[in-house]
Structures are given as C-alpha cells and as structure tokens.
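**Q**
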Amino acid sequence: MGGIVYEDVHSLFQAAFLERATDVHFHPLKEQTLVYFRKQGVLLEHSRLPRKLSDKLIAHLKFQSGMDIGERRMPQDGSLSFQFGEEHVAIRLSTMPITFGERLAARLLPLSNQYQIETLTTDVSAKNQLQQFCTLTHGLILLTGPTGSGKTTTMYALLEEVSNDQLRHIISVEDPIEKPNPLYTQLQVNEQAGLSYANALKAALRHDPDVLMIGEVRDEITAKIAVRAAMTGHLVLTSLHTRHPAGALVRLMEFGLSTNYLYESVVAVVSQTLVADPSGRMASYQFLSGEPLQTQLARCQEQNLLDHELPLGTYV
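Counting in the working numbering, the sequence shown runs from 74 upward without gaps.
In structure tokens, the structure reads:
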C-alpha cells in the first residue's frame, strides 16, 4: 500500500509540475478532499479525492517531510523533494487543522530555475536598478509584496549577483532552504531544535559575513537584529509581507523601530508583483531609495506613526 500511496503522490505533483502550478492545496470536506492547483496566480480545482485516500496521501507527505504524523491539532511545516525526469523540484509543505481534518498546502520550487536578475523582468531599467543595489557594501534592502509574488526568487537572484564578488562572505538564514547554493553559507531555521530566526542570526553574525540574507522578518527581535546588522557594516537582504514600499517602513516601525534607526539602515525597498507575459509570469517592480526613500521616512515621522522608541539592545 505504501508504494501505491507514493505513486499517487508522485503522479499528483508531477501533474502540478507539468501544468506549471506553483502550489497544490488539499482541502478536506466531510466525505471528500478538494485538490487545487494554483496556476498563473489563480487557484483552480484539479480533482476530488475520497477522504480515505487523501488522508493517506497527507500522512505520507507529512512523514516524508519530517513532520509528526500523529500531530493533527497543531500547524506544522516541512519540506521534501521529487525528481521528475531530469527536473529536481523542492516542495515546501504546511498543514493546519480545520473543521473536517488537516488542510495541506504545498509550494513547488523547481531547483533548475535560473535565479538571475536577467530572467526576472523584461524592464531594463529595473534590472539595472537591482544590479546597482548589489554593489552596495552595507545597509538594509527590503523586498515586499504579497504571498506568491516572487520575493524569494528575487532574493536568490540578488544573492547570485552578489556572489559574483568572491571576496564577499555571504550567509543566508532561511526557513526552509529553498535552493541549495555552494557559493554561500546557508543556515536553516529549526524551531523544534531551538534554532529560531533570532538564534540563527546571532550565530551567523558571529561568523563575520559581509552579506546577510534573512528569509523573512517575522517578529520584533528579527527586525532589530536586521537593522543593527545593517547599521554595523553589513549588507542585509530580507523580505516583508506588505503590498507597497511605504508599508514596509510602517511594518518596521510597528516592530518598535524608530525612523531614526530606519534613516540609518534602510537603503532600498523593492516592491513586486507578478504580471502575465508570453514567456510566463514576470516581475513588475517599484523601488523606493535615495531621496524618495528619505522623503517617505520624513512623512512617516511627521505622521507620528510611532509614539515611542524602543532600544535596539544587543543581540550578538
């Protein structure tokens, strides 16, 4: 039976890969489970499975991705990979309990994808701007955009560009590592083992990086470590879930960072969405840097979005 379940899972994800789906969702109902593929940004129903079969598929995916298959009351995350012909695809999985069982969402990440600035967009000026950011020696670069807008792809492309300078020591802190790269040091967050983003960042900074990539700013401590690193001579790349550039600044202020700290640390905000293109979906960028960035920070300060300043503290 295990072999049959594996074949069912493999076939389902191979179909998603061949249809160029970015995500697969399993949504359980009382007697059946709806399977959705996200294609071109739209979630479309792909099939319906009997609950008995879908429960086995989800249990198999949880086991293979390192989750606790006996835990159904709490959300879990995991990752695994598949080989489809010559294509190697990483799968990032997340579960959560809902009314009729466990819902599972899977993000497909083809490892053969080229993470290069040249492949991100057809906008030449945007490519030039991104390449210019990669020449900076210090400061905080924020990537923003809704879920599924390609922030991770852009982040890897920037790291690929930065890694061309072999004199720069690069460390990334990720959850999970979505594309292994021998050109820089990658550290994976492992909450179950006590390796949080904050702890991983503290460890990374002790290894004297020139460039630090933080997969995502999720909390106040991570935000403060990122800003402090940028203020002490590191180039820091990270992402936030906001829909426009100014929103990223507001989010950092909500984490307890004053505009004074942001003036000293943030050098660019890159906001992106995906747009249809004959060759597939391409990124459309908005940039906030230089004088416009300073103007936006001044506007935030004038609006008094934060009425007190919390100390950065020492985290290293």
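Here a beta-carbon is modelled for each residue, glycine too, at the ideal position from N, C-alpha and C. Everything numeric in this text was worked out from a predicted model, so none of it was measured.
Along the chain, where does the beta strand (DSSP E) that runs through A94 open and close?
**A** Along the sequence shown, read from residue 1 onward, the residue named residue 94 stands at position 21. Run containing A94: none; DSSP gives neither H nor E here.
**Q** Here's the rule I'm using: 16 or more other beta-carbon atoms within 10 Å means buried, otherwise exposed. How should D380 be labelled?
**A** By 1-based counting over the sequence shown, the position of residue 380 is 307. Summary for D380: the model assigns pLDDT 43, below 50, so the residue's position carries little reliability, and this model does not support an answer.
**Q** Report the residue from Y109, L335 and R176 whose alpha carbon sits nearest the alpha carbon of A132.
**A** What you label residue 132 is simply residue 59 of the sequence shown in a count that begins at 1. The candidate whose alpha carbon is nearest that of A132 is R176.
**Q** Helix, strand or coil for R124, going by three-state DSSP, please let me know.
**A** Your numbering for residue 124 matches position 51 in the sequence shown. Reduced to three states, the DSSP call for R124 is helix.
**Q** My guess is that L193 and E251 are in contact by the Cβ rule of under 8 Å, so how many angstroms apart are they, rounded?
**A** By 1-based counting over the sequence shown, the position of residue 193 is 120. By 1-based counting over the sequence shown, the position of residue 251 is 178. Not a contact, Cβ separation roughly 16 Å.
**Q** Assign P123 to buried or exposed, taking buried as 16 or more other Cβ atoms, counted over all protein chains shown, within 10 Å of its Cβ.
**A** Here residue 123 refers to the residue found at position 50 when the sequence shown is read from its first residue. Flag for P123 reads exposed.
**Q** Would you identify the three-state DSSP class for K252, choosing helix, strand or coil?
**A** Here residue 252 refers to the residue found at position 179 of the sequence shown. Coil at K252, not helix or strand.
**Q** DSSP on K297, reduced to helix/strand/coil?
**A** Translated into positions along the sequence shown, residue 297 becomes position 224. Correct three-state label for K297: helix.
**Q** Going residue by residue through the region 194–243, where are the continuous beta strand (DSSP E) segments of at least 3 residues, counting only ones entirely within it?
**A** Runs found: 212–217.
**Q** If we ignore side chains and look at the alpha-carbon of each, how far apart do N237 and T172 end up?
**A** In the sequence shown, residue 237 corresponds to position 164, counting from 1. In the sequence shown, residue 172 corresponds to position 99, counting from 1. Near 50 Å, if we compare the C-alpha coordinates of T172 and N237.
**Q** Mind checking which residues open and close the beta strand (DSSP E) that includes R165?
**A** Translated into positions along the sequence shown, residue 165 becomes position 92. Where R165 is concerned, the enclosing beta strand (DSSP E) stretches over E160 to I171.
**Q** When DSSP labels each residue in this structure, what does V340 get in the three-state scheme?
**A** Translated into positions along the sequence shown, residue 340 becomes position 267. Strand, per DSSP.
**Q** Taking the beta carbon of A199 as the centre, do at least 16 other beta carbons fall within 10 Å, making it buried, or is it exposed?
**A** The residue labelled residue 199 in the question sits at position 126 within the sequence shown. A199 comes out buried.
**Q** Do F157 and F99 count as a contact pair if the criterion is CB distance below 8 Å?
**A** In the sequence shown, residue 99 corresponds to position 26, counting from 1. In the sequence shown, residue 157 corresponds to position 84, counting from 1. No; because the gap between Cβ atoms is not below 8 Å, this pair is not in contact.
**Q** Report the CB separation of S222 from Q345 in whole angstroms; it is logged as a contact under 8 Å.
**A** As a working mapping, residue 222 is identified with position 149 in the sequence shown. As a working mapping, residue 345 is identified with position 272 in the sequence shown. The Cβ separation is near 5 Å, so the contact holds.
**Q** Under 6 Å Cβ to Cβ from S357, same chain only, skipping five residues before and after it: list those, please.
**A** Position 284 of the sequence shown holds residue 357. For S357, where only same-chain residues beyond five positions count, the Cβ hits under 6 Å are T346 and V348.
**Q** Give a yes or no on whether the C-beta atoms belonging to S245 and L232 are separated by under 8 Å.
**A** Sequence index remark: in the sequence shown, residue 245 carries index 172 (1-based). Sequence index remark: in the sequence shown, residue 232 carries index 159 (1-based). It is a contact, given that the beta carbons lie within the stated cut-off.
**Q** Do A273 and V284 have their C-beta atoms closer together than 8 Å?
**A** Mapped onto the sequence shown, residue 273 falls at position 200. Mapped onto the sequence shown, residue 284 falls at position 211. Not a contact, by the Cβ cut-off of 8 Å.
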